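Residue numbers are given in the UniProt record's numbering: position 333 of the sequence shown equals residue 333, and the series is strictly consecutive.
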Amino acid sequence: METILDPTSDLRRVWWLIEGMIDGARMATLANEFQLAFRITSIQSNCWRYGQISKRASDIAWTKLQLALTDSLRNAISEVFYSCSEAREASSNATLINIPSRFIPDSLDTIIHKIIDKIPDLKFMEDQKIIRASLSHLDLNPPTGKMSRRRSSAIDLEDIKVSGMDTIYTRMHNNFQSMTYFRVLLQTITQHYGSSTKSWSPILVKLLPKLMEYANEDDYDLSEETYRDVDITQNSALIIHDYMSVSWISHMFLDEILKALGTTFHSNSWHVRLAVIKFVQAAVYSNIFPMSQQSRRDDIEKLLFRAVYDREISVRKEAAKCLLLFIHCSYIQFSDQKIDKLANILQSETELEARAHGASLALGAFVLAFPFFLPTNIIKPLSLLSSSSSNQAVVKKTMTETVREFRRQHRDDWEETKKILGDALTFDIENTTAPAYYA
Numbered sequence: 001m002e003t004i005l006d007p008t009s010d011l012r013r014v015w016w017l018i019e020g021m022i023d024g025a026r027m028a029t030l031a032n033e034f035q036l037a038f039r040i041t042s043i044q045s046n047c048w049r050y051g052q053i054s055k056r057a058s059d060i061a062w063t064k065l066q067l068a069l070t071d072s073l074r075n076a077i078s079e080v081f082y083s084c085s086e087a088r089e090a091s092s093n094a095t096l097i098n099i100p101s102r103f104i105p106d107s108l109d110t111i112i113h114k115i116i117d118k119i120p121d122l123k124f125m126e127d128q129k130i131i132r133a134s135l136s137h138l139d140l141n142p143p144t145g146k147m148s149r150r151r152s153s154a155i156d157l158e159d160i161k162v163s164g165m166d167t168i169y170t171r172m173h174n175n176f177q178s179m180t181y182f183r184v185l186l187q188t189i190t191q192h193y194g195s196s197t198k199s200w201s202p203i204l205v206k207l208l209p210k211l212m213e214y215a216n217e218d219d220y221d222l223s224e225e226t227y228r229d230v231d232i233t234q235n236s237a238l239i240i241h242d243y244m245s246v247s248w249i250s251h252m253f254l255d256e257i258l259k260a261l262g263t264t265f266h267s268n269s270w271h272v273r274l275a276v277i278k279f280v281q282a283a284v285y286s287n288i289f290p291m292s293q294q295s296r297r298d299d300i301e302k303l304l305f306r307a308v309y310d311r312e313i314s315v316r317k318e319a320a321k322c323l324l325l326f327i328h329c330s331y332i333q334f335s336d337q338k339i340d341k342l343a344n345i346l347q348s349e350t351e352l353e354a355r356a357h358g359a360s361l362a363l364g365a366f367v368l369a370f371p372f373f374l375p376t377n378i379i380k381p382l383s384l385l386s387s388s389s390s391n392q393a394v395v396k397k398t399m400t401e402t403v404r405e406f407r408r409q410h411r412d413d414w415e416e417t418k419k420i421l422g423d424a425l426t427f428d429i430e431n432t433t434a435p436a437y438y439a
C-alpha cells in the first residue's frame with residue numbers, strides 16, 4: 001500500500017486503490033469490520049483534491065455509525081472523523097475560493113455538531129447553553145441518586161401498561177443510538193487531543209460543563225447493566241483531566257472557559273464541584289501568563305472562596321490546597337481586609353460549621369504558603385489559629401493540624417523564628433503542638 005501511495009507512483013494505480021478501498025468500506029459488514037476495509041489514515045492529504053476522499057469516507061462512516069455495535073467499529077469511525085477534521089485543519093490557511101463543497105472536508109466543530117444533533121440531551125439551545133435536564137433519555141442525564149442510574153434495559157411494568165410496547169421499544173432504540181453516538185463523540189475528541197495542535201474550539205468550550213458531569217458519575221447502581229457505561233465516565237475523565245485541564249488555552253477562549261467553570265460549580269454533585277477546583281488548579285499553572293490578567297485572577301479567587309465555604313468537606317480541603325499553591329506563587333494576594341473577614345467568621349459563634357471550617361482552612365493555607373520566610377502579615381492569622389477555641393471538632397482539628405505543620409516547616413530555624421514571632425505567640429504555638437499524653 002505504501003508503494004502504491006508513494007507520490008512518485010503511477011497516478012492511475014493510486015486512484016484505483018483508493019476507489020477499491022472506498023468500495024470495500026461501503027460494502028463492509030459487521031463480520032469483516034469497517035476498519036479493515038478502509039484505512040484513511042494511510043492516505044496523505046497533501047492537496048485540496050484529497051478532501052474529496054475524506055468527505056466520501058466520512059459519509060460512509062456516518063452510515064455505518066447507526067449500527068456500530070462493537071468498540072473496534074466505533075473506534076474506526078472516530079478515526080475517520082478525526083482524519084477528516086485533520087485534513088480540514090491542514091488546509092485551514094487556504095482560501096478554498098470557488099472550490100466545490102465536495103472537496104472541503106468537515107471541520108472538528110462541524111463533526112461534533114452533527115453528532116450532537118443525533119443526541120437530544122446534548123443539543124444546544126438558542127442562548128448556546130447546554131440543556132441540563134432534557135427529554136426522556138435516562139442514559140445521558142446526570143445522576144441525581146442511585147435510583148436514577150437504573151438503565152433503560154430494566155423496563156417497569158407500569159410503563160408497559162401506560163405507554164405500550166411500541167413506545168417503549170422506540171425509547172430503548174433511541175437510548176441505544178444516543179449512547180453509540182456519544183461514545184463516538186468521546187473517542188473523536190480523545191483522538192483530537194492526542195495529535196492535534198489545536199487544543200480548544202468553540203464547540204469544546206460549550207461541551208465542557210457536560211463532560212465535567214459525565215467525568216464524575218460514580219453513583220452506580222449495583223445492577224450489571226450499569227457497568228457497561230463506565231467507559232463513558234472514564235473517557236470523559238480522560239478528556240477533562242488529562243487533556244483539557246493541562247492544554248494551552250487561547251485568549252479568545254479563556255473568559256468563556258472561566259464562565260463555564262463558574263456555572264458548572266453550581267452543580268448538585270460535589271464530585272463535579274471537586275473536579276472544577278482540580279481543573280482550575282491545572283489550567284492556571286498551564287496558562288499562568290494569560291491567567292494573570294487581573295479580572296481573571298478575581299474570577300479565580302471568587303470561585304476558590306466559594307469552594308472553601310462549600311457544604312462538602314472534600315471540596316473545602318481541595319480549595320484550601322489550591323489557595324495555598326496560588327498564594328505561594330503570588331498568584332493570589334491576601335490583604336489585611338481579607339484576613340480580618342476570615343478572622344470574624346472563625347471567631348463568630350453563629351456561623352455555620354462549613355463557613356467556620358472554610359475560614360480556618362483559608363487562614364491555614366495562608367500560614368503554610370511561606371515555608372522559607374515569614375511575611376509580617378502572617379502573625380495575626382497564626383495567632384488566631386494557635387489561640388482560638390471552637391466547639392466544632394472539625395474546626396479545632398484543622399487549626400491544630402495547621403499550627404503543627406507550621407511548626408514542622410520551620411523546625412530547622414525555629415530559634416530564629418521564635419525571635420520574629422515573640423514570646424507570647426511562641427508559647428501559644430508550642431502549647432498547641434505539645435503532645436497530649438493523657439488524651
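Just so it is clear, CB atoms sit at the ideal spot from N, CA and C, and this is done for glycine as well.
For clarity, every value in this text was computed on a predicted model and none was experimentally measured.
Neighbourhood of residue i by C-beta distance below 7 Å, restricted to the same chain and skipping five residues each side
| i | result |
| --- | --- |
| T426 | K418 |
| I257 | V205, L208, I249 |
| L324 | A365, L368, A369 |
| T432 | S386, T400, V403 |
| I327 | F334, A365, F366, A369 |
| Y82 | T188, Q191, H192 |
Cβ neighbours of residue i in the same chain (closer than 6 Å, five flanking residues each side left out)
| i | result |
| --- | --- |
| L157 | At L157 the pLDDT is 40, less than 50, meaning the model places this residue with poor confidence; the figure from the coordinates comes in the next sentence. The answer is none, since no qualifying residue turns up. |
| R411 | none |
| F279 | S245 |
| L254 | P290 |
| P371 | Q409 |
| F265 | R273, V276 |
| L36 | Low confidence applies to L36: its pLDDT is 47, below 50, so where it sits in the model is not reliable, and the reading given next is rough at best. Correct list: empty, nothing qualifies. |
| A307 | I277, V315, A319 |
| L352 | none |
| S286 | V246 |
Beta-carbon spacing of residue i, residue j below 7 Å
| i | j | result |
| --- | --- | --- |
| A282 | L208 | no |
| S78 | Q187 | yes |
| M399 | L385 | yes |
| H271 | N216 | yes |
| A362 | L382 | no |
| I115 | Y214 | no |
| S387 | D336 | no |
| G262 | Y309 | no |
| C329 | L304 | no |
| I239 | I189 | yes |
| R311 | A354 | yes |
| I339 | K302 | no |
| residue 448 | A68 | The displayed coordinates of the chain run from 1 to 439. Any statement about residue 448 would go beyond what the structure contains. |
| R74 | R183 | yes |
| S58 | C84 | yes |
Proximal residues to residue i (C-beta, below 8 Å), its chain only, five neighbours per side dropped
| i | result |
| --- | --- |
| A356 | I345, L346, S348, S390, Q392, V395 |
| P375 | none |
| D127 | In this prediction, D127 scores a pLDDT of 37, lower than 50, which makes its location untrustworthy; no coordinate-derived value is stated. |
| I378 | F366, V367, F370 |
| D166 | Note on D166: pLDDT 49, under 50, position unreliable in the model; the coordinate value appears next. If we look at D166 and ignore the five residues flanking it on each side, it has no Cβ neighbours. |
| R407 | W414, I429, E430, T433 |
Whole-angstrom C-beta distance between residue j and residue i, which should lie under 8 Å
| i | j | result |
| --- | --- | --- |
| K118 | Q52 | About 24 Å; that fails the 8 Å criterion. |
| A320 | A365 | 5 Å |
| Y331 | R297 | 7 Å |
| I277 | L185 | Actually they do not touch by this definition, with Cβ atoms about 26 Å apart. |
| E89 | K210 | Contact flag wrong, Cβ pair sits at about 24 Å. |
| S236 | D109 | With a Cβ gap of about 19 Å, S236 and D109 do not count as contacting. |
Any C-beta of chain B under 7 Å from that of residue i
| i | result |
| --- | --- |
| P375 | Judged by its chain identifiers, the structure shown contains no chain B, having just a single protein chain. |
Any chance you could list the alpha helix (DSSP H) runs of at least 4 consecutive residues sitting entirely within the segment 48-119, in chain order?
-> Taking 4 residues as the shortest admissible run, the segment 48-119 contains the following complete alpha helix (DSSP H) segments, listed from N- to C-terminal end: 51-65, 71-90, 108-117.
Check whether the segment 191-204 touches the segment 232-249, taking contact to mean three or more Cβ pairs, one atom from each stretch, closer than 8 Å.
-> Per the Cβ contact rule, the segment 191-204 is in contact with the segment 232-249 (3 or more Cβ pairs under 8 Å).
Please specify which runs of the alpha helix (DSSP H), each continuous and at least 4 residues long, are wholly inside the segment 270-326, giving them in chain order.
-> Qualifying alpha helix (DSSP H) stretches, in chain order: 270-286, 294-308.
At 4 residues or longer, and completely inside the segment 173-251: list those alpha helix (DSSP H) runs for me, N to C.
-> Listed in chain order, they are 202-214, 230-237.
Can you give, in chain order, each stretch of the beta strand (DSSP E) that sits fully within the segment 324-366 and has at least 3 residues?
-> When DSSP assignments are scanned along the segment 324-366, no uninterrupted stretch of beta strand (DSSP E) that is 3 or more residues long falls wholly within it.
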